[in-house]
Amino acid sequence: MKCPYCGFIEDKVIDSRPTDEGSAIRRRRECSKCLKRFTTYEKVESLPIMVIKKDKSRQVFDREKLLNGILRACEKRPVSVAQLEKLVEDIESQIYNSLQREVTSKDIGEMVMAKLKNLDEVAYVRFASVYRQFKDINTFMDELRKLLNEK
Ligand SMILES: [Zn+2]
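UniProt numbering puts the first residue of the sequence shown at 1, with every later residue one more than the last.
Structure representation (structure tokens):
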């Protein structure tokens, strides 16, 4: 591993331990030349999750894309990016934990909505309106009514 301080390529590992979630290994290294210490992370390369879209075509799950969609729904709402990143992370691990390699875009949408509902109702309705593509004002009103009745 190339030393970030002097660029030398030899080092020794002085400590090695899994990160909190166990998904990565953190190694403390010491440069054999300048003796400065630095940290590297080793991650298991995970298999991609495939998303089945409405037209049955498949696409690799893209967390950035999902996050962007949710960010748009949360524009000017009191929801922090950190909260949304956590939300996307939760969904991602939920999919991984289900041990399914494929998930429908509909399922992802439902997961997002279930979580957004607790976070911010306006964002929830905005996201739902894009996601469910409400055909008309009535289906939209139905959704709002459902939301109100849950209170
Ligand atoms: Zn060095």
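Using N, Cα and C, we set each Cβ at its ideal position, and we do this for glycine too.
Proximity test, residue i beta-carbon vs ligand 1 heavy atom, cut-off 7 angstroms
i: K36; result: yes
i: K33; result: yes
i: C3; result: yes
i: F61; result: no
i: C74; result: no
i: F127; result: no
Residue of the options minimising C-alpha distance to residue i
i: Y96; options: P48, R29, E30, K86; result: P48
i: Y102; options: D62, E121, R126; result: Sequence inspection shows Glu at residue 102; the Tyr mentioned does not correspond to that position. Out of D62, E121, R126, D62 has the C-alpha closest to the C-alpha of E102.
i: T39; options: D120, R27, M113; result: R27
i: K106; options: K86, Y131, S98, N118; result: Y131
i: I52; options: T139, G109, Q133; result: G109
Start-to-end residues for the beta strand (DSSP E) that takes in residue i
i: K43; result: 37 to 43
i: D90; result: No beta strand (DSSP E) holds D90; the alpha helix (DSSP H) holding it covers 81 to 97.
i: E30; result: 24 to 31
Extent of the continuous alpha helix (DSSP H) run through residue i
i: K117; result: 105 to 119
i: R17; result: Careful: R17 lies outside any alpha helix (DSSP H), inside the beta strand (DSSP E) at 11 to 18.
i: I49; result: Premise fails: I49 is in no alpha helix (DSSP H) and is neither H nor E.
i: R58; result: Counting along the chain, R58 falls outside any alpha helix (DSSP H), though it belongs to the beta strand (DSSP E) covering 58 to 60.
Residue i to residue j span [Cα, whole Å]
i: L35; j: M1; result: 13 angstroms
i: A24; j: Q83; result: 23 angstroms
i: A128; j: K33; result: 57 angstroms
i: L148; j: K65; result: 30 angstroms
i: N118; j: L144; result: 15 angstroms
i: T104; j: K86; result: 21 angstroms
i: V13; j: R58; result: 42 angstroms
i: E75; j: L116; result: 13 angstroms
Please confirm if the region 11 to 21 is in contact with the region 66 to 75, defined as three or more CB-CB distances below 8 angstroms between the two stretches.
no
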